[in-house]
Amino acid sequence: EACKLGREVLDIAATFMRAGVTTDEVDRVVQEACLERNIYPSPLNYYKFPKVLCTSVNEVICHGIPDARVLQQGDICNLDISVYHKGFHSDLNETFFIGECDEDTHRVVRTAYLCLQAAQKMIRPGTMYRDLGNTISSEAGKAGCAVVSTYCGHGVGRLFHTRPNVPHYKKNKAVGLMKPGHVFTIEPMINLGNDGGDKTWPDNWTSTTRNGKRSAQFEHTFLVTPTGCEVLTARRGAPLDCMPEYDPAMFQR
111 EACKLGREVL DIAATFMRAG VTTDEVDRVV QEACLERNIY PSPLNYYKFP
161 KVLCTSVNEV ICHGIPDARV LQQGDICNLD ISVYHKGFHS DLNETFFIGE
211 CDEDTHRVVR TAYLCLQAAQ KMIRPGTMYR DLGNTISSEA GKAGCAVVST
261 YCGHGVGRLF HTRPNVPHYK KNKAVGLMKP GHVFTIEPMI NLGNDGGDKT
311 WPDNWTSTTR NGKRSAQFEH TFLVTPTGCE VLTARRGAPL DCMPEYDPAM
361 FQR
């Protein structure tokens with residue numbers, strides 16, 4: 111139920127994404143949507159995070175704090191929504207195009223989606239968590255992009271972040287096998303070019319690329335089933351056992 115509500119909130123926020131809007135305004139939209147549904151935005155006051163969602167624009171990899179900057183034509187912006195409802199958290203995010211974007215921007219967004227999709231296809235009982243990173247890294251490399259290794263997917267449920275850790279980079283040392291009932295996120299952060307490095311701003315939250323190139327991300331919360339997986343944060347009308355094929359129109363604003 112928390113996952114369905116999180117999806118509702120993300121879809122509402124996405125309708126407000128356009129040139130001329132500030133991420134602070136999107137933050138207020140998300141806050142109202144959470145209040146209307148009697149749910150708590152998990153990021154708010156999490157280790158002193160000051161807002162109800164993360165908005166990561168252009169070279170921001172993750173954990174961007176909503177502010178008064180106006181979104182402009184050609185920007186990309188990731189909306190990361192996490193909500194708490196009846197004792198459980200959910201977590202999901204998507205990256206959106208603001209108006210017309212150049213081919214490099216489309217490449218990094220497309221690659222981020224395909225990396226998550228490739229990893230999703232591996233979810234089934236018996237898969238080793240560490241193997242996801244090999245697949246994600248291979249998919250990113252084919253497109254001339256790099257995986258950010260600082261941040262990883264994670265278990266989610268009664269705790270916002272818990273085991274298992276789900277690294278997105280190759281040759282990682284994650285432990286554990288997937289078993290029916292496991293619930294976790296996969297959320298590869300993909301940088302344009304071959305530099306997967308990051309740096310953190312003085313606000314202690316905002317993480318950006320080191321070279322100023324753009325970064326994109328997609329995230330779902332998944333449940334391991336006896337035969338595969340269920341996408342708990344699936345888009346409305348999308349299959350529950352797999353992600354739909356990539357279509358840039360889904361994320362065009």
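If you read the sequence shown in the numbering used here, its first letter stands for residue 111, the second for the next number, and so on. Glycine residues also receive a C-beta, built at the ideal position from the N, C-alpha and C atoms. Computed from a predicted structure; not experimentally measured.
Handout entry: Closest residue to residue 144 among 114, 248, 316 and 168 (Cα-Cα distance)
Key = Of 114, 248, 316 and 168, the residue nearest in Cα terms is 114.
Exercise for the section: Consult DSSP for residue 211 and reduce its assignment to one of helix, strand or coil. Expected result: coil
Exercise for the section: Starting from residue 327, follow the beta strand (DSSP E) in both directions and report where the run begins and ends. Expected result: For residue 327, the uninterrupted beta strand (DSSP E) segment begins and ends at 325-327.
Problem - Rounded straight-line distance, which links the Cα of residue 225 to that of residue 245 - result: Straight-line Cα distance between these residues: approximately 8 Å.
Handout entry: DSSP-derived helix/strand/coil call for residue 183
Key = coil
Exercise for the section: Can you check DSSP and say which residues form a bridge with residue 238? Expected result: 287
Handout entry: Residues near residue 147 in its chain [Cβ-Cβ closer than 6 Å; skip 5 each side]
Key = Only 115 meet the Cβ criterion.
Problem - For residue 263: DSSP bridge partner residues - result: 276
Exercise for the section: Specify, as a first and last residue, the run of the alpha helix (DSSP H) that residue 121 falls within. Expected result: Start and end: 112-125.
Exercise for the section: Between the Cα of residue 318 and those of 263, 326 and 308, spot the shortest distance and give me the residue it belongs to. Expected result: Of 263, 326 and 308, the residue nearest in Cα terms is 308.
Problem - Residue of 290, 178, 204 and 117 minimising C-alpha distance to residue 299 - result: 204
Problem - Contact between the segment 178-195 and the segment 227-240 (3+ Cβ pairs under 8 Å) - result: no
Exercise for the section: Work out the CA separation of residue 275 and residue 261 for me, nearest whole Å. Expected result: Rounded to whole angstroms, the separation of the alpha carbons of residue 275 and residue 261 is 10 Å.
Handout entry: Residues sharing a beta bridge with residue 150, DSSP
Key = 194
Exercise for the section: Look up residue 204 in the DSSP assignment and give the residues it is bridged to. Expected result: 189
Practice task
Go to residue 330, then tell me how far its beta strand (DSSP E) extends in each direction, as first and last residue.
Solution key: Taken as a continuous stretch (DSSP letters only), the beta strand (DSSP E) holding residue 330 covers 330-334.
Exercise for the section: Could you say which of 194, 127 and 156 lies nearest to residue 149 if we only look at CA atoms? Expected result: 194
Handout entry: residue 292 versus residue 316: straight-line alpha-carbon distance, rounded
Key = Cα to Cα, the separation comes out at about 30 Å.
Problem - Cross-strand partners of residue 294 (DSSP beta bridge) - result: In the DSSP output, where bridge partners are listed per residue, residue 294 has 265 and 332.
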